[in-house]
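**Q** Protein sequences appear in the order of chains W and L.
Numbered continuously in the numbering used here, the first sequence closes out at residue 299.
Numbered continuously in the numbering used here, the second sequence closes out at residue 674.
Okay, here's the structure, questions in a sec.
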Amino acid sequence: MSILINQNTRILVQGITGKEGSFWTQHMMDLGTRVVAGSTPGKEGQVCCGAPVYHSVRRALQEHPADASMVFVPPRFVMDAVMESLENGIKLIVTLADGIPLHDQARIRSAALANQATVIGGNTSGIISPGQAMMGSLPYWIERVYKPGRVGIMTRSGSLTNEVTSMVVSAGFGVSSLIGVGGDPVPGTRFAELLPLFEQDAQTDAVVIIGELGGTMEEEVAEALNAKRFTKPLVAFLSGRTAPAGTRMGHAGAIISGNKGTVDYKTKALEEAGALVARRPRETGTLLKEALSGGNLRG
Amino acid sequence: MKLFEYQAKELFKEAGIPIPRSALVKNKQEMAAALDTIGTPCMVKCQVLSGGRGKAGLVKKAASRQEAEALIQGYFDALPMLHAVLVEELVSFSQEVYLSLGMDPVSGKAMLMGSAQGGMDIETLAMEAPEKIIKMQINLDKGLQPFQLSDFAFTLGLTGEAAKSVSAVCRNLYKVFCQRDAELAEINPLFVTDAGTAVAGDGKLNIDDNAMFRQQAYEKDRSYYASDMEYEAAREGIPYIEFGGDISLMCAGAGLANTVYDLVNFEGGSVANYLEFGGPNYMKAGTAMRLCLANHPKVVLIVTFGTIARADVMAQGIVQAIQDLKPTCPIVACLRGTGEEKVDEIFREVGLVRYTDTEEAVRTAVSVAKGGTLA
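See the structure below:
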């Protein structure tokens, strides 16, 4: 099994006819993802990657019911595309674009909450349930990273995901679902909100979070562990442990202000809540082995 | 992008927020006219983007014209890249208030924060007396509503005219925050006079770079950056930070770059610069390497594990850069991801060996920086 998507999830692709949209839609389908239709204003009647294209989400859904929407539009148009899917009742939306204006990010987040929908992204490579389905631009063909298995992964980064997940796989594990929540300051979905899904998924034995300095998402995971909203083993790798305060380290969300947001602070919160925290990518695999062989470490 | 104080205050003034009378001095020649206009005593404030200007001695009160002239000339002499000096009238006040607007990532709402104990560093206040900071969430669709304004001002402990004038500033600051796509709009201190009027003593406005397509453009010249190289990197759109050590990092992906930065420090090495050439920049290996070599590092450490940022394309760029720039320091390259199977052959042309393990590459780079040789 998996969370959020599997081989039965019916997916609509917004911006399917674009260069990036068509390229990755083809990859999604090659993996087995069920893409039922696409939308691009002005392109109705075309067929892209074998999927029929409509002018709008509403017009596409009239012919092809869908469970989720994959958004491939440039950053400045993302908010409108997400609102279009929300207005049409779609409850799972994945948006990849890097560069969504902050005020748009906030409006997307509050609209998702108001509609009780899950918006993943932006500034992410998307989500994948290896061997089943993908919404995004993940290199699923790299076998030493995207191997099916029983570890759930949540991440704020793209390249680091490949690095850390390859360590999870080389330690002998595979991935149930990998969710890239993205590196923006206001992501559509936060780590802690995904934990109940992994908790309920019978095919997920443990979760790895790949976090970084800045924000409070890792602290919220610690709170969820303390509140027993997640009871399976949890291993974290956090980057930016030695980053100086006040410097924005790459991602817009990766900045320490005051004493909050430091990796040491996050590590303390997670460890006190019973999680294992890796200092180096390779340790993620060894800690996972420890966690899964030693029974319930959190007593 | 961060605006200078005078730029922020211009936008505050347009939105109806009272600011002190002021004149901008861009060079020594403009000094006399500015001091004629404002008179003395006055405040003399360096326009720099770094925080803690007061502590650094970059904001001072001048009692006489002579003192003001000496200060201004001294600043321009000491700081060759100084953008400008702002000369402002003195404002007498009975209270200093802190006001800021930012975005709350959990709710997706704007967050208005205030304290009746303005003037001091808000992060210090947050640590020492968090209960003195009043917070209010604002739904972006509904905007800042009148009942919220009075609730906020009275909760701050203000009364009468002061409550009214600070409320008006909050309303107008929210207008600036939304209209300008701000990440942060802050006034600290906001002076409240004996008569209860409010005047912005300082101004911070950080405009979201992602929203520049719908915002007023500011020509960002060299004075916005800490060094020539940071200025050049910014013009190329390449994230780049200098740290002063001897290992130049050239990584693709922010998270991986941060991890490599950590690993270098764990191994006892020191980072010369952080440079991220992933995403849209993966074809800019030449520029990236030139920026790295300008720091005269003892070694350049390249680490990538990309998808769209193809390993083979980056490898070709690296080989080309080595042929063009002829670096005298060793290069340690760890390239993985899409197209990785072609990298070995591409590297052979310049005798470069591909590392496949990040930690091994980092250990090698640190050992080379300390005088060791490549294995």
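Positions of the beta carbon are idealized from the N, C-alpha and C atoms, including for glycine.
Listed in chain order, which residues of the region 179-192 of chain W have Cβ atoms closer than 8 Å to some Cβ of chain L?
**A** Residues passing the 8 Å Cβ filter: 183, 185, 186, 187, 190.
**Q** What do you reckon, are the CB atoms on residue 151 of chain W and residue 208 of chain W nearer than 8 Å?
**A** Contact flag set, yes.
**Q** Output the boundary residues of the alpha helix (DSSP H) element that contains residue 419 of chain L.
**A** No alpha helix (DSSP H) holds residue 419 of chain L; DSSP gives it neither H nor E.
**Q** Short of 7 Å Cβ to Cβ, which residues in the region 6-30 of chain W face chain L?
**A** Within the region 6-30 of chain W, no residue qualifies.
**Q** Please say whether residue 524 of chain L and residue 533 of chain L have beta carbons closer to each other than 8 Å?
**A** For residue 533 of chain L and residue 524 of chain L, yes; Cβs fall inside 8 Å.
**Q** Pull up the distance between the alpha-carbon of residue 646 of chain L and that of residue 283 of chain W, whole angstroms please.
**A** Their Cα atoms are separated by approximately 30 Å.
**Q** Measure from the C-beta of residue 98 of chain W to each C-beta in chain L and report whether the shortest distance is under 8 Å.
**A** Yes, contact with chain L.
**Q** Out of curiosity, what's the CA-to-CA distance linking residue 393 of chain L and residue 490 of chain L?
**A** Roughly 8 Å between the two C-alpha positions.
**Q** Spatial neighbours of residue 81 of chain W within its chain, please: CB distance less than 6 Å, with the 5 preceding and 5 following residues excluded, ordered by chain position.
**A** The residues are 14, 71, 73.
**Q** At 3 residues or longer, what runs of the beta strand (DSSP E) sit wholly inside the region 505-548 of chain L?
**A** Segments of the beta strand (DSSP E) lying fully in the region 505-548 of chain L: 539-541.
**Q** 8 Å is my cut-off, CB to CB: does residue 243 of chain W come that close to chain L?
**A** Output row for residue 243 of chain W: interface = yes.
**Q** Below 8 Å on the Cβ atoms is my guess for residue 307 of chain L versus residue 339 of chain L; work out the distance and round it to an integer in Å.
**A** Not really, about 24 Å apart at Cβ, beyond 8 Å.
**Q** Establish whether the CB of residue 607 of chain L and some CB of chain W are separated by less than 8 Å.
**A** By this cut-off, residue 607 of chain L is an interface position.
**Q** Beta carbon of residue 32 of chain W, beta carbon of residue 105 of chain W: below 8 Å?
**A** It is not a contact, given that the beta carbons lie outside the stated cut-off.
**Q** What are the boundary residues of the beta strand (DSSP E) that residue 481 of chain L is part of?
**A** Here the beta strand (DSSP E) through residue 481 of chain L covers 481-491.
**Q** With DSSP collapsed to three states, give me the class of residue 410 of chain L.
**A** Residue state, collapsed to three classes: strand.
**Q** When DSSP labels each residue in this structure, what does residue 581 of chain L get in the three-state scheme?
**A** Three-state result, residue 581 of chain L: coil.
**Q** Could you tell me the distance, in whole angstroms, from the CA atom of residue 587 of chain L to the CA atom of residue 341 of chain L?
**A** Their Cα atoms are separated by approximately 46 Å.
**Q** Mind listing the chain W neighbours of residue 657 of chain L? Cutoff is C-beta to C-beta under 8 Å, in chain order.
**A** Neighbours of residue 657 of chain L on chain W, chain order: 163, 281.
**Q** What does residue 37 of chain W pair with, by DSSP beta-bridge criteria?
**A** DSSP output for residue 37 of chain W lists W:12 as bridge partner(s).
**Q** What is the residue span of the beta strand (DSSP E) that residue 133 of chain W lies within?
**A** 133-136 is the span of the beta strand (DSSP E), which, as asked, contains residue 133 of chain W.
**Q** If the cut is a Cβ gap below 8 Å, which residues of chain W does residue 523 of chain L touch?
**A** Here the premise fails: no neighbours, minimum Cβ distance about 14 Å.
**Q** Using the rule of at least 16 other Cβ atoms within 10 Å of the residue's Cβ for burial, across every protein chain shown, is residue 346 of chain L buried or exposed?
**A** Classification of residue 346 of chain L: buried, given that the 10 Å Cβ count is 16 or more.
**Q** Between the Cα of residue 506 of chain L and the Cα atoms of L:383, L:609, L:482, L:554, which residue gives the shortest distance?
**A** With distances taken between Cα atoms, residue 506 of chain L lies closest to L:482.
**Q** When Cβ atoms are compared, which residues of the region 396-417 of chain L fall closer than 9 Å to chain W?
**A** Cβ contacts with chain W: 402, 403, 404, 405, 406, 407, 408, 409.
**Q** Please compile the residues from chain W whose C-beta is within a distance smaller than 7 Å of the C-beta of residue 564 of chain L.
**A** Those within 7 Å of residue 564 of chain L in chain W are 242.
**Q** Tell me, to the nearest whole angstrom, how far the beta carbon of residue 270 of chain W is from that of residue 218 of chain W; I am working on the premise that it is less than 8 Å.
**A** That pair is a contact at about 6 Å.
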